[in-house]
Amino acid sequence: MAQPTAVSPTESPSTEGVQEESSVEATAVSIPTTEATTEPIPEPMEDPIHLAIIWHQHQPIYFKDPETNSYVRPWVRMHAVKDYVDMVTILEDYPDVHVTFNVTPSLIQQLDDFAAGAKDDYWLHTETPADQLSDEQKQFILDRFFDTNRKIVTRFPRYAELLDKRDNSADALNEYTIEDYRDLQLLFNLAWTDPDFLAQEPLAALVAKGSNFDEADKAIVLGEHLRLIEATVPILKAAQDAGQIEVTMTPYAHPILPLLVNTDLARVALPDIELPAQRFVYGQDAVAQVERGVQLYTEKFGQPPRGMWPAEGSVAQEIVTMVAQNGLEWMATDEGVLA
100 MAQPTAVSPT ESPSTEGVQE ESSVEATAVS IPTTEATTEP IPEPMEDPIH
150 LAIIWHQHQP IYFKDPETNS YVRPWVRMHA VKDYVDMVTI LEDYPDVHVT
200 FNVTPSLIQQ LDDFAAGAKD DYWLHTETPA DQLSDEQKQF ILDRFFDTNR
250 KIVTRFPRYA ELLDKRDNSA DALNEYTIED YRDLQLLFNL AWTDPDFLAQ
300 EPLAALVAKG SNFDEADKAI VLGEHLRLIE ATVPILKAAQ DAGQIEVTMT
350 PYAHPILPLL VNTDLARVAL PDIELPAQRF VYGQDAVAQV ERGVQLYTEK
400 FGQPPRGMWP AEGSVAQEIV TMVAQNGLEW MATDEGVLA
């Protein structure tokens, strides 16, 4: 990823934050060989380099079944228990390190929804007693409860055993025992939990137990997941109020602001792009997206935001004024966008 660059409507941001958190797929590349050199190694710079880091925490709005009050995907929950809380907790060990967390409104609202009682389909399949699972539920668990990095699976011998049994069985649906399904229900959720929390009770006891879990064990894991979900925004606010982090926002529904202002703005960066014959212009919505994002942030964090990460880093000169008029002092994007 290119080095992020600050864009300031009124003033440049402090160095308390600029690097987007993103998923990166490994790609094989050809690396040229290097040759020995007699050139002297440069001396370290006398002045420190000011590095600004932004962690971008975002989840899109996932579909929720109105009849079951259940989201079809578990990723808000899983990233809350794996990343969002732990990333702030780690900073407690480094009090002189200052970073920025960008938290999107769509993520905040879904965290609130989970805290208020919403669940996801994976949660529902976990809390169903293993001896009461239908064939359809069993197949869902076999298909989806290995949705994690294989290196993580290998941390749990029983989890790896269950994966091997599924992959090498002609009829895993029927060859899996009730105990197999129950262990898989628990281990999927345990594996997604950050290791720092797995080292603490009550989860440490379950890690040590390793297998032969009971229904009460599953309830313990799900209870810890709910606790971490409920802690996500408060721990961010506490670190912000202590002065160690800055929390920034993104426009309300994660829109591409320049395209709301005028779809023809896409040609600034991509002159040859094919666009609809009739352009789309809805600047009022762009303004409302910024206003609602600022409003939600202020409600949750007790003060107006200073900075903004535009959705997908999309910026244009035409949005700078509306951003500044909402009290935002800086926004950030990728230097490739500005080139």
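Numbering (this note's numbering) for the sequence shown: 100 to 438.
By construction, the Cβ of each residue, glycine as well, lies at the ideal position given by its N, Cα and C atoms.
Candidates the options, of which the one nearest residue i by Cα
i    : options                   : result
L374 : Y381, G382 and A365       : A365
L289 : T276, R254 and A269       : R254
H324 : V422, L262 and W291       : W291
G322 : P204, K308, L190 and A214 : A214
Pairwise C-alpha distance: residue j and residue i
i    : j    : result
F400 : T167 : 31 Å
A259 : K250 : 10 Å
A127 : M186 : With a pLDDT of 47 at A127, under the threshold of 50, the modelled position of that residue is not reliable, and no figure is offered here.
T397 : A151 : 23 Å
V350 : Q299 : The amino acid occupying residue 350 in the given sequence is Pro; Val does not appear at that position. Looking at the two C-alpha atoms, the distance is approximately 37 Å.
L305 : D316 : 7 Å
H197 : A338 : 10 Å
V346 : A368 : 29 Å
W174 : R265 : 23 Å
Y221 : E314 : 16 Å
W404 : Q424 : According to the sequence as given, residue 404 is Pro; it is not Trp. Looking at the two C-alpha atoms, the distance is approximately 13 Å.
P164 : Y193 : The sequence shown places Asp at residue 164, not Pro. One C-alpha to the other measures close to 42 Å.
E390 : D212 : 22 Å
I207 : K181 : 16 Å
E120 : F379 : Any reading at E120 needs caution, since the residue's pLDDT is 40, under 50, leaving its predicted position unreliable; the model's value is listed next. If I take the Cα positions, the gap works out to 31 Å.
D43  : E274 : A query on residue 43 cannot be resolved here, the shown segment of the chain reaching from 100 to 438 and no further.
Buried or exposed by the 16-neighbour rule on C-beta atoms within 10 Å, applied to residue i
i    : result
H157 : buried
M144 : exposed
E124 : Residue placement at E124 is poorly supported in this model, since its pLDDT is 43, which falls under 50; the coordinates still yield a value, given next. Per the 10 Å Cβ criterion, exposed.
D282 : buried
V171 : exposed
I140 : exposed
Cβ pair residue i, residue j closer than 9 Å
i    : j    : result
M272 : Q238 : What sits at residue 272 in the sequence shown is Leu, not Met. Yes.
N248 : M348 : no
W429 : G392 : no
L261 : D242 : no
P301 : I319 : yes
CB contact below 9 Å: residue i versus chain D
i    : result
D363 : The chain labelled as chain D is not found in the depicted structure, where only one protein chain is given.
message = What ranges does the alpha helix (DSSP H) occupy inside the region 145–179, keeping only unbroken runs of at least 4 residues that lie completely in it?
response = 174–178
key: Those runs of the beta strand (DSSP E) which lie wholly inside the region 280–337 and span at least 3 residues   = none
inquiry  = Just to confirm the assignment: which complete alpha helix (DSSP H) runs, minimum length 4, are found wholly within the region 179–256?
reply    = 184–190, 204–214, 220–226, 234–243 and 249–252
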